[in-house]
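Per numbering that gives the first Met the number 0: the sequence shown ends with 211, consecutive numbering throughout.
Cβ coordinates follow ideal geometry from the N, Cα and C atoms, glycine included.
Since we're looking at a predicted model, the values are computed, not measured.
Down below is the structure, laid out as structure tokens.
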Amino acid sequence: MGDLLAFDRRDLQLDSGAALLSGFALQFDRALLDAVAAIASAAPFRHLETPGGRRMSVAMTNAGRLGWISDRRGYRYGDTDPLGGVAWPAMPALFRQLASDAAAAVGFDRFEPEACLVNRYEPGAKLSLHQDRDERNLDQPIVSVSLGVDAIFLWGGQMRGDRVRRFTLHHGDVVVWGGPARLTYHGVDTLVRAAHPLTGELRYNLTFRRAA
Ligand code: MD3
Ligand code: FE
Numbered sequence: 000m001g002d003l004l005a006f007d008r009r010d011l012q013l014d015s016g017a018a019l020l021s022g023f024a025l026q027f028d029r030a031l032l033d034a035v036a037a038i039a040s041a042a043p044f045r046h047l048e049t050p051g052g053r054r055m056s057v058a059m060t061n062a063g064r065l066g067w068i069s070d071r072r073g074y075r076y077g078d079t080d081p082l083g084g085v086a087w088p089a090m091p092a093l094f095r096q097l098a099s100d101a102a103a104a105v106g107f108d109r110f111e112p113e114a115c116l117v118n119r120y121e122p123g124a125k126l127s128l129h130q131d132r133d134e135r136n137l138d139q140p141i142v143s144v145s146l147g148v149d150a151i152f153l154w155g156g157q158m159r160g161d162r163v164r165r166f167t168l169h170h171g172d173v174v175v176w177g178g179p180a181r182l183t184y185h186g187v188d189t190l191v192r193a194a195h196p197l198t199g200e201l202r203y204n205l206t207f208r209r210a211a
């Protein structure tokens, strides 16, 4: 269905510096979801508050030395989970390996993520158009892994007002966002109610980042 949208998934690599590795994570899907469950048992998913005081519809948690958080004071990376005051769960070896292999597959050697932000979408959840610019080193790519229900990804330009194109991200897709894509505005359209055999109505997205 989403593949009939005007923007072909293949266009992504052509004009943007992003590289789509279709199904790259499929063979690890169950192990990845088991690891997400283990992370969430130590650092539960929560709906963060934006600096403007709104509750995010996407629930989030983190693994790794650093985790991304938002609250009334702003967006930032921190080394402790504010809910428990202790370190974020360690980044599973499978996560590190997958992120590094995906980055290497498109020419980013020795990508060693410090942070894995885990996003959980339920039906109705969305992520408004934004840039990821809280990381200190913008030469490093971000690697994203999609699991569960399909989502429509919004792919804009270098300015908020630029035209936005859409394409579907499927279970098992990995995208490496580097170079000119790194500061592109992007978001996720409202998740439609649908079912996936491994996640039910949910979609998960892992983003691996070099934060500091
Ligand atoms: C392009 N997550 O966590 S993943 C985010 O599906 C985020 O949950 C979305 O945007 C999600 O910040 C999209 C794809 C993605 C992630 C980071 C990017 C695309 C990106 C950073 C720069 C450019
Ligand atoms: Fe983002």
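Next item on the list: Give the DSSP bridge partners of His195, in chain order.
Entry: The partner list for His195 (beta bridge, DSSP) reads Gly199.
Next item on the list: Report all residues from its chain with a CB closer than 6 Å to the CB of Arg181; omit the five preceding and five following residues, and keep chain order.
Entry: Leu137, listed in sequence order.
Notebook entry, point to check: Using a threshold of 7 Å, is the CB atom of Arg181 nearer than that to any non-hydrogen atom of the ligand MD3?
Noted result: Answer for Arg181: yes, Cβ within range of the ligand MD3.
Next item on the list: Use the C-beta contact count for Leu82: other C-beta atoms within 10 angstroms, 16 or more gives buried, fewer gives exposed.
Entry: So Leu82 counts as exposed.
Next item on the list: Measure the beta-carbon distance from Gly171 to Gly22 and round it to whole angstroms, keeping in mind my assumption that it falls under 8 Å.
Entry: About 5 Å; that satisfies the 8 Å criterion.
Margin query: Within 10 Å of its beta-carbon, does Glu111 have 16 or more other beta-carbons around it, so buried, or fewer, so exposed?
Written below: Around the beta carbon of Glu111, a 10 Å sphere encloses fewer than 16 other beta carbons of the protein chains shown; the residue is thus reported as exposed.
Item checked: Closest residue to His57 among Arg209, Tyr120 and His169 (Cα-Cα distance) -> Per the sequence shown, the amino acid found at residue 57 is Val instead of His. Closest option to Val57, Cα to Cα, is Tyr120.
Check: Alpha carbon to alpha carbon, how far is Ser69 from Pro43?
Finding: Cα to Cα, Ser69 sits roughly 15 Å from Pro43.
Margin query: I want to check one thing, is the minimum distance from the CB of His46 to the heavy atoms of the ligand FE below 7 Å?
Written below: Not so, every heavy atom of the ligand FE lies at least 7 Å from the Cβ.
Checklist line | Distance between Thr167 and Ala287 (C-alpha atoms, nearest Å) | finding: For the chain, the structure presents residues 0 to 211; residue 287 sits outside this window and is missing.
Next item on the list: Select from Ala18, Val117 and Pro196 the residue whose C-alpha is nearest the C-alpha of Ala102.
Entry: Checking every option, the nearest Cα to that of Ala102 belongs to Ala18.
Next item on the list: Indicate the three-state DSSP secondary structure (helix, strand or coil) for Ser56 in the structure shown.
Entry: Coil at Ser56, not helix or strand.
Next item on the list: Determine the DSSP secondary structure at Leu25, reduced to helix, strand or coil.
Entry: In the structure shown, Leu25 adopts helical secondary structure according to DSSP, grouped into three states.
Next item on the list: Within 10 angstroms of the Cβ of Ala98, are there 16 or more other Cβ atoms? Answer buried if so, exposed if not.
Entry: By the neighbour-count criterion, in which 16 or more other beta carbons inside 10 Å mark a residue as buried, Ala98 falls on the buried side.
Check: Thinking just about the alpha-carbon of each residue, which of Ala92, Ser145 and Val105 is nearest to the one in Leu205?
Finding: The residue with the shortest Cα to Cα distance from Leu205 is Ser145.
Next item on the list: Taking 8 Å as the cut-off, decide whether the C-beta atoms of Ala124 and Leu190 are in contact.
Entry: Contact flag set, yes.
Notebook entry, point to check: Going by other Cβ atoms of all chains shown within 10 Å of its Cβ, with 16 needed for buried, is Gln139 buried or exposed?
Noted result: Result: buried.
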